[in-house]
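Residue numbers (this note's numbering), protein chains in the order written: chain A, 1 to 356; chain B, 357 to 712.
A short write-up of the structure that comes next.
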């Protein structure tokens, strides 16, 4: 078991050694550790290797100049200058919050960025300003549209954070596929199979192999099959892709650059880098802030009191599982599976820093 | 088979007879017929009876004064004055478009409204202004959160319309359940069963009975079960509910008033009427308009060229099925099943107007 501080310092040092500024290394470490603490190990320490290898391959800019390229009172387009995704993302969300403070809402589309960790982190940045936060991102293509075997979209998550009064905030953060890609990576590392309904092989047949993406397979959209609404998951994923890429001028769909160095850069581009979309809405742009938050308390209390189905213990509010994980992991520490520890040891060795 | 004009005039006359203004009756008829033409009969003529019975029960205001109750440069809250939903909805979307023209984006939360037909209609209003349109609404509670048997949410649809250049626009319009409630009504009228995975009985057991909602059953969220991501469908539906109701001051979740007169009004209120949420974003608030639209063309062409799975004919773009329906129905006319025709004949008789 590791402590938060130990892994935070290690992660920060890795990115400092790669050449990031102290500020940038700190936000990057903060996002990695937030993923671990919130129980999303799939977006935590396991991913450091991917960023490290992208850096070694010269595919990521550790000295970026993030900048606004276009704006209106409530919108902006940001160029992330090929930064580590967390750097462009935090900068962009801060801008959305600034715009919302003046215009009621702020909406920022960001191009020329990279994988930014958990979307929920940025949505939650809005909470302390009494704002609702929204964050979308596209990602490298692994997901097939309904009726297709082509890998056209990422797992394209949606995160929405809404403040409450006495209750903890409502925080939804989910891939628009039945599972996030990272969950396949975790299953692979653990040597486990996955349930049917998540992936198909290269001919479109159902598969339970978490490594199937390496042999031409693809992930399915939320809903699973057409009868059960996979076309709605496809719509959602497409909306996230368009908001992230067409709005910003990033690469869309199948042209999003791989976030892993073992896949070559694509020859064709339809824009710059990976795209994100951020939104911030002042709650008092709609209702007096305290009234809004008390109504959210009532919403949360009402839904928490839903009657559980037979055999189920309780009904959850979006954000509950992550908060429960955070409480548990704060007590118990962060566990890292052996295969990931080996990766981190190797990186530490190469960078000449300590890890054990 | 009926012509567009015949049913449009009939619908308009029904609402004129109920006391609506000419303007209001025309937008109401326009939305009903748009549903029929786009192949969503579940939101078309079958629903006239519901509005008629709400009116007979004195539960809907045919002489509304729709008004703004709060605003910022990019936001507003609208009170629909218990109007027929289409009236408050068109008014609110027009306001969102006006705000977007000035601030880049416009966001309107509307309370004290009623069922408004197809969400896509309002999202599509933005297209001719070179804007992306968004429309959400809550609805009377029929859907259970993951792990629950309580009917806490409506089928809470999401509609997003994005303009393209030479291609028809991208138009996604979908319930956050595997199917829309209206599809159950259509199956019931036709005397058919439905597939498993859409509804559960009052104890939480799977059911194929489209009438199960009348005996305490509930609909499931997109994803179907927890393993396959029903919690993500629950998140989506919850987000739609909160944006529509907490932002606007409407009733949320289980307190949304029934859109059918055979269910009594609830004793408890958490706001006023049904809630909607509308968004408009100028595409040139992000990219030069023509560049944006040409990029959308490229997006559409790319996705249309995805490789179909074995046994599938082609991959669709959101909006394709509705456009294909519209072409077919324009040629062939609108078909109305006997049970619905009987309802319309009865209404015509009671209002003293013609229908055959």
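In this text, a Cβ means the ideal position worked out from N, Cα and C, and glycines have one as well.
Every value quoted in this text rests on a predicted model; they were computed, and no experiment measured them.
Own chain residues within Cβ distance below 6 Å of residue i, not counting five before or after
i	result
residue 172 (chain A)	160 and 318
residue 446 (chain B)	383
residue 230 (chain A)	146, 221, 223 and 224
residue 18 (chain A)	55 and 62
residue 600 (chain B)	492, 493, 494, 631, 632 and 633
residue 294 (chain A)	165
residue 36 (chain A)	44 and 334
residue 523 (chain B)	653 and 656
residue 219 (chain A)	142, 143, 177 and 199
residue 347 (chain A)	52
Straight-line Cα distance separating residue j from residue i
i	j	result
residue 362 (chain B)	residue 369 (chain B)	11 Å
residue 235 (chain A)	residue 672 (chain B)	10 Å
residue 92 (chain A)	residue 100 (chain A)	12 Å
residue 566 (chain B)	residue 494 (chain B)	21 Å
residue 281 (chain A)	residue 661 (chain B)	37 Å
residue 83 (chain A)	residue 539 (chain B)	47 Å
residue 409 (chain B)	residue 617 (chain B)	6 Å
residue 77 (chain A)	residue 213 (chain A)	33 Å
residue 58 (chain A)	residue 558 (chain B)	58 Å
residue 289 (chain A)	residue 553 (chain B)	39 Å
residue 233 (chain A)	residue 584 (chain B)	12 Å
residue 353 (chain A)	residue 29 (chain A)	16 Å
residue 487 (chain B)	residue 174 (chain A)	27 Å
residue 193 (chain A)	residue 185 (chain A)	11 Å
residue 564 (chain B)	residue 133 (chain A)	39 Å
residue 620 (chain B)	residue 614 (chain B)	7 Å
residue 773 (chain B)	residue 444 (chain B)	Shown here, chain B extends from 357 to 712; a query on residue 773 (chain B) therefore has no answer.
residue 4 (chain A)	residue 124 (chain A)	20 Å
residue 484 (chain B)	residue 663 (chain B)	32 Å
residue 350 (chain A)	residue 504 (chain B)	51 Å
residue 344 (chain A)	residue 435 (chain B)	57 Å
residue 454 (chain B)	residue 321 (chain A)	41 Å
residue 226 (chain A)	residue 271 (chain A)	31 Å
Cβ-Cβ separation, residue j to residue i (assumed contact under 8 Å), whole Å
i	j	result
residue 428 (chain B)	residue 104 (chain A)	3 Å
residue 452 (chain B)	residue 462 (chain B)	4 Å
residue 32 (chain A)	residue 25 (chain A)	Contact flag wrong, Cβ pair sits at about 11 Å.
residue 642 (chain B)	residue 70 (chain A)	7 Å
residue 204 (chain A)	residue 669 (chain B)	Contact doesn't hold; Cβ gap of about 13 Å is too wide.
residue 467 (chain B)	residue 606 (chain B)	4 Å
residue 396 (chain B)	residue 441 (chain B)	At roughly 15 Å, the Cβ-Cβ gap does not stay under 8 Å, so residue 396 (chain B) and residue 441 (chain B) are not in contact.
residue 477 (chain B)	residue 390 (chain B)	5 Å
residue 604 (chain B)	residue 74 (chain A)	That pair is no contact at about 19 Å.
residue 292 (chain A)	residue 602 (chain B)	6 Å
residue 279 (chain A)	residue 113 (chain A)	About 16 Å; that fails the 8 Å criterion.
Per DSSP, cross-strand counterpart(s) of residue i
i	result
residue 282 (chain A)	A:131
residue 206 (chain A)	A:200
residue 518 (chain B)	B:526
residue 426 (chain B)	B:433
residue 358 (chain B)	B:690
residue 276 (chain A)	A:110 and A:137
residue 148 (chain A)	B:664
residue 105 (chain A)	A:281
residue 607 (chain B)	DSSP output for residue 607 (chain B) lists no bridge partner at all.
residue 393 (chain B)	According to DSSP, residue 393 (chain B) bridges with nothing at all.
residue 61 (chain A)	A:83
residue 218 (chain A)	A:200
residue 143 (chain A)	A:153 and A:219
Residues near residue i in its chain [Cβ-Cβ closer than 7 Å; skip 5 each side]
i	result
residue 237 (chain A)	143, 153, 156, 176 and 221
residue 421 (chain B)	437
residue 317 (chain B)	Any question about residue 317 (chain B) goes unanswered here, given that chain B covers just 357 to 712.
residue 365 (chain B)	none
residue 2 (chain A)	333, 334 and 336
residue 241 (chain A)	138, 153, 156, 252 and 253
residue 169 (chain A)	127, 161, 162, 163 and 319
Same chain only: Cβ atoms within 8 Å of residue i, ignoring 5 sequence neighbours per side
i	result
residue 377 (chain B)	419
residue 269 (chain A)	251 and 255
| task | Would you be able to state if there are at least three C-beta pairs under 8 Å between the region 668-681 of chain B and the region 294-302 of chain A? | result | no
| query | So does the region 151-160 of chain A actually touch the region 249-256 of chain A, counting three or more Cβ pairs closer than 8 Å? | reply | yes
| request: Decide yes or no for the touch test of the region 394-408 of chain B against the region 685-698 of chain B: beta carbon pairs closer than 8 Å, at least 3 of them. | output: yes
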